[in-house]
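149 is the number that numbering that gives the first Met the number 0 gives to position 150 of the sequence shown; each next residue is one higher, with no gaps.
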Amino acid sequence: MRKMTEQNLRDAFSGESQAHMKYQIYSAVAEKEGYPNVAKLFKAIAYAELVHARNHLKELGGINDSVANLQDAYNGETFEIEEMYPAYKVVAELQEEKGAVRSTHYALEAEKIHANMYDEAKKTVMEKQDIELGTVWVCDVCGWTHEGDAPDKCPICSAPKSKLLPF
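Structure, rendered in structure tokens:
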């Protein structure tokens, strides 16, 4: 693939991915505000944006087998842990942006867990086995992720158990 086309597809993938997430968030806001049909519209268009992103990623050769996908996910989490979030947090601290310090801290701590989960899953999949997985809990405040029993409060942000969502 020629460089300009590749860069265009990367940019399009990024834009479609952001639109998908943004519309999912907007859908939840509309639902909470009592507009179920607006929420449905956002969900439908969010899915269309996901289709666009998937098509672009496929053309870029970014969809592989589960071992490669787990490695790619692990690499992304590791980059966020080692480089991205520490740097973002330092800038937020220097600029005294308390909300940004908090959100980067939450993400950094959760990404450490995600990287470990992906690494462990990859080891199992490399043996041609599926992972054993019970209920996975995700904190709706900070993104903390845990497999097993839910604690009484989130260990990262201290949110109550009611903010821990089961998957």
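We treat Cβ as the ideally placed atom computed from N, Cα and C, and that holds for glycine.
Please read these numbers as outputs of a predicted model, since none were measured by experiment.
query: Once you ignore the five residues that flank K152 on each side, which residues in its own chain have a CB closer than 7 Å to its CB?
result: Correct list, in chain order: A158, P159 and K160.
query: From Y171 to S65, what distance separates their C-alpha atoms?
result: Residue numbering for the chain in the displayed model covers 0 to 166; residue 171 lies beyond these limits and cannot be assessed.
message: If I measure Cβ to Cβ from S16 and keep anything under 6 Å in the same chain, skipping five residues before and after, which residues do I get?
response: A52
- prompt: In three-state terms, what does DSSP make of L59?
  reply: Collapsing the DSSP output to three states places L59 in coil.
field: Given 8 Å, three or more beta-carbon pairs between the region 109-124 and the region 73-85
entry: They touch, by the three-pair rule.
task: Determine the burial state of F166: buried for a count of at least 16 other Cβ atoms within 10 Å of its Cβ, exposed for fewer.
output: exposed
query: Given a threshold of 16 other Cβ atoms within 10 Å of its Cβ, counted over all protein chains shown, does I24 qualify as buried or as exposed?
result: exposed
task: Rounded to whole angstroms, what's the CA-CA distance from I155 to E108? Just pull it up for me.
output: The straight-line gap separating the alpha-carbon atoms of I155 and E108 is approximately 7 Å.
message: Does L163 pass the burial test, meaning 16 or more other C-beta atoms within 10 Å, or should it be called exposed?
response: buried
task: Could you check if S26 is buried or exposed, using at least 16 other CB atoms within 10 Å of its CB as the buried criterion?
output: When all chains shown are included, S26 counts as buried.
field: T134 (DSSP reduced to helix, strand or coil)
entry: For T134, the secondary structure class from DSSP, reduced to helix, strand or coil, is coil.
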